[in-house]
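Residue numbers (our numbering): 1181 to 1742.
Idealized CB from N, CA, C, for every residue including glycine.
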RNA sequence: GCCCGCGUAGCUCAAUCGGAUAGAGCGUUUGUCUUCGAAACAAAAGGUUGGCGGUUCAAGCCCGUCCGCGGGCACCA
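The following block contains the structure:
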């Protein structure tokens, strides 16, 4: 990657200057290379001389000049300049830039890959919403962030597995079952009261009717607890099927749907509980079992198993944290992932230190765990809050948003802002804006290129490799340079776990293409030079490929026509 | 009360671990189509980066302190 090349050139320049006695000896710090604010200043720049001023005790500009003078020649670099107060600026060599088109085309659909992960296995666990109702907009943000992150990490050289953790072990399943039972009995014509703490959403009644139509009245003939349990199971299966289909509409597919309940059925929970006990991190208080988190520096201890007085049913006594203990062991030890990434709503941030504490307590390397938090999405309609509680009803599902806005625009909107910024999602505005959503600007560039290639075929033009060295127009070079940036965007997004950089890159790339398209005729009759036509066709094919890859990294489609 | 996130153009958001004149999209204004897709291009207007103080060559970013918004501090999930 060109950015790394330049970093190494700066390093060589410093070393050479030191060897020549032009700079004193010092340990070279980490070298940052970024882009100057204006293109005429160059393509890449380093502010390292400013940082070295304290160490070297010389004016930064003088340091910059000394380093610049000692940087070895390189085919990729056309010009090295220094600028006040102490920058070293690099301009890429046009001849080198234009030939990079060939490399981009050769890399094909995998252009943009970087090898950070070296094939290590990473799991991204995301969404994992309770299976008690359709996916809401917060779940959609989770899906967009998690899946894009998975795609980016895949491009960054990790072997990725996507996982949905199904919370099928808690008391919410029983509540959901009771709600299902009530709606089912009501649908069968019985006057049955709806539970106080039930799930009031209309979807429960829809599921109940579905069951009644399919299985008849048979659940009314069995003891109510039995019927509630079975209807709960049936209901969650229906919910999961619906959630799965919603996620598929969003281009999200999982490798594993992992059952929380299986952590108990397999005996794993008992095993890790004993491990915590062996390390004297458990104690009983008022018939509940506590994890001594304060021994690991946390502010409070936390309950793992609640007391029988409060929770009669033994299966419902373990808390979320209890499952998390077994789950983190399952991920890191039983399934041996090198890295695991959790994507959580920020409402769970209080649980973060506890997960790290239990991992530490189990003797696991916490550096393998990362928990990415995203702030809430507030759904509004015309500026007014829309409630999103599954139990409260009055619920706008992701399916409805998808119906109105479409998956491409939805995904793009949900990853445009950084995860730790809360966002308002106004339905009215989203529908209104969906037609001039930025995502269409990017897709339009792609469709336009497809149109050019169709046009070339219609003119019976045989596409050859082309001599890309002919691409020397400023707009051509700007487009190629923009394409080359994809590699560093992938690297950056993967390193920082910040998928939102992709949307901004995609817009810049589409803009660079549009500028080129406006300035540079490609096909006859506007273009009369056959060699230049072939070179530009090569450029256009490369641009199409990079646009498609960028969109694909976001889970957005690349249309041939719009 | 304590903890976490946020506050940037009218709106939605960026800003590559502290770098150069804070950038895009939408909206507004003005130009550009009898031929490769005008869902486009070119340009303009729009900012005391919530306030005040501090750290240093340099602060939207770090520190302190206020103000405002959201979230968390359960034997809830």
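Handout entry: alpha helix (DSSP H) runs wholly inside the stretch 1678-1727, at least 4 long, in chain order
Key = Entirely contained in the stretch 1678-1727, the alpha helix (DSSP H) runs reaching 4 residues are, in chain order, 1681-1699.
Handout entry: Backbone secondary structure at residue 1410 - three-state DSSP
Key = DSSP, read as helix, strand or coil, puts residue 1410 in helix.
Problem - Residue span of the alpha helix (DSSP H) that contains residue 1584, given as start and end - result: Per DSSP, residue 1584 belongs to the alpha helix (DSSP H) from 1578-1585.
Practice task
Kindly identify the DSSP beta-bridge partner or partners of residue 1259.
Solution key: According to DSSP, which records beta bridges pairwise, residue 1259 is partnered with 1271.
Problem - residue 1449 in three-state terms, based on DSSP - result: Taken through DSSP and simplified to helix, strand or coil, residue 1449 comes out as helix.
Problem - Short Cβ contact (8 Å threshold) for residue 1686 with residue 1731 - result: With respect to residue 1731, residue 1686 sits close: the two C-beta atoms are nearer than 8 Å.
Practice task
Leaving out five residues on either side along the sequence, give the residues of the same chain with a beta carbon under 6 Å from the beta carbon of residue 1643.
Solution key: Its chain contains 1717 as the residues whose beta carbon lies nearer than 6 Å to that of residue 1643, once the 5 sequence neighbours on both sides are disregarded; these appear in chain order.
Exercise for the section: State the DSSP-derived secondary structure class of residue 1592, mapped to helix, strand or coil. Expected result: In the three-state reduction of the DSSP assignment, residue 1592 falls in the helix class.
Practice task
Take every Cβ of the stretch 1478-1495, pair it with every Cβ of the stretch 1284-1303, and state whether three or more of those distances are shorter than 8 Å.
Solution key: By the Cβ rule, the stretch 1478-1495 does not count as touching the stretch 1284-1303, because fewer than three pairs are nearer than 8 Å.
Problem - Cutoff 8 Å; reference residue 1472; Cβ partners in own chain excluding five residues on either side - result: Cβ neighbours of residue 1472 beyond the five flanking positions: 1460, 1461, 1462, 1463, 1481.
Exercise for the section: Sort 1355, 1321, 1338, 1300 by Cα distance to residue 1312 and report the nearest one. Expected result: Of the residues 1355, 1321, 1338, 1300, the one whose Cα lies closest to the Cα of residue 1312 is 1355.
Exercise for the section: Indicate whether residue 1194 and residue 1257 have their beta-carbon atoms separated by less than 8 Å. Expected result: For the 8 Å CB-CB criterion, residue 1194 and residue 1257 do not form a contact.
Practice task
Measure the Cβ-Cβ separation of residue 1333 and residue 1367 and say whether it is below 8 Å.
Solution key: Not closer than 8 Å, so no.
Handout entry: Reduced DSSP category for residue 1533 - H, G, I as helix; E, B as strand; rest coil
Key = In this structure, DSSP gives residue 1533 a helical state, which the three-state scheme calls helix.
Exercise for the section: Would you check if the stretch 1342-1360 and the stretch 1434-1443 touch, i.e. whether three or more CB-CB distances between them fall below 8 Å? Expected result: They touch, by the three-pair rule.
Exercise for the section: Starting from the Cα of residue 1604, find the closest Cα among 1393, 1558, 1576, 1225 and give me that residue. Expected result: Its Cα nearest to that of residue 1604, the residue 1558 stands out among 1393, 1558, 1576, 1225.
Exercise for the section: Only counting runs of 3 or more residues, tell me where the beta strand (DSSP E) segments fall wholly within the stretch 1430-1481, in order along the chain. Expected result: Annotation: the stretch 1430-1481 contains the following complete segments of the beta strand (DSSP E) (minimum length 3 residues), in chain order: 1436-1439, 1462-1465, 1468-1471.
Problem - Reduced DSSP category for residue 1327 - H, G, I as helix; E, B as strand; rest coil - result: Helix at residue 1327.
Practice task
Indicate whether residue 1228 and residue 1190 have their beta-carbon atoms separated by less than 8 Å.
Solution key: Closer than 8 Å, so yes.
Exercise for the section: Evaluate the contact criterion for the stretch 1238-1252 versus the stretch 1689-1706: three or more CB pairs, one atom per stretch, below 8 Å. Expected result: Judged by Cβ distances under 8 Å, the stretch 1238-1252 makes no contact with the stretch 1689-1706, as fewer than three pairs qualify.
Problem - Stretch pair the stretch 1322-1338 + the stretch 1674-1681: three plus CB contacts closer than 8 Å - result: When Cβ pairs closer than 8 Å are counted between the two stretches, the stretch 1322-1338 is seen to touch the stretch 1674-1681, the count reaching three or more.
Handout entry: Close-in-space but distant-in-sequence residues of the same chain around residue 1623 (CB under 8 Å, 5 per side omitted)
Key = Within the same chain, and ignoring the five residues on either side of residue 1623 in sequence, the residues whose Cβ sits closer than 8 Å to its Cβ are 1588, 1731, 1736, 1737, 1738, 1739, 1742.
Practice task
Could you check what DSSP says for residue 1484 in three-state terms: helix, strand or coil?
Solution key: Reduced to three states, the DSSP call for residue 1484 is strand.
Practice task
Report the residue ranges of all beta strand (DSSP E) runs contained in full by the stretch 1586-1673; include only those spanning at least 3 residues, in chain order.
Solution key: Correct list: 1603-1606.
Exercise for the section: Evaluate contact between the stretch 1442-1451 and the stretch 1378-1388, counting only Cβ atoms and requiring at least three cross-stretch pairs below 8 Å. Expected result: For the pair of segments examined, the stretch 1442-1451 was found not to touch the stretch 1378-1388: the number of CB pairs separated by less than 8 Å stays below three.
Exercise for the section: Using the Cα positions of residue 1513 and residue 1531, report the straight-line distance between them to the nearest angstrom. Expected result: Separation of residue 1513 and residue 1531 (C-alpha to C-alpha, rounded to the nearest whole angstrom) is 21 Å.
Practice task
Indicate the three-state DSSP secondary structure (helix, strand or coil) for residue 1207 in the structure shown.
Solution key: In the structure shown, residue 1207 sits in coil (DSSP, three-state: anything other than H, G, I, E or B).
Problem - DSSP state of residue 1342 mapped onto helix, strand, coil - result: Judged by DSSP in its simplified three-state form, residue 1342 adopts strand.
Exercise for the section: Name the two residues that bound the continuous alpha helix (DSSP H) containing residue 1359. Expected result: It spans 1351-1367 - the alpha helix (DSSP H) in which residue 1359 sits, taken as one unbroken run.
Handout entry: Cα-Cα separation between residue 1207 and residue 1186, rounded to whole angstroms
Key = If you draw a straight line from the Cα of residue 1207 to the Cα of residue 1186, it is about 19 Å long.
Practice task
Taking only the alpha-carbon atoms, compute the straight-line gap between residue 1667 and residue 1292 and give it to the nearest angstrom.
Solution key: Residue 1667 and residue 1292: Cα-Cα distance of roughly 4 Å.
Handout entry: Straight-line Cα distance separating residue 1399 from residue 1390
Key = Rounded to whole angstroms, residue 1390 to residue 1399 spans 13 Å at the Cα level.
Problem - Bridge-paired residues (DSSP) for residue 1523 - result: For residue 1523, which the question treats as bridged, DSSP gives the partners 1552.
Exercise for the section: Determine, using beta carbons only, whether residue 1535 and residue 1504 come nearer to each other than 8 Å. Expected result: Yes, these two residues count as a Cβ contact at 8 Å.
Practice task
Measure the alpha-carbon distance for residue 1544 versus residue 1697 and round it to whole angstroms.
Solution key: One alpha carbon belongs to residue 1544, the other to residue 1697, and they sit about 54 Å apart.
Practice task
Helix, strand or coil for residue 1498, going by three-state DSSP, please let me know.
Solution key: In the three-state scheme derived from DSSP, where H, G and I count as helix and E and B as strand, residue 1498 is classed as strand.
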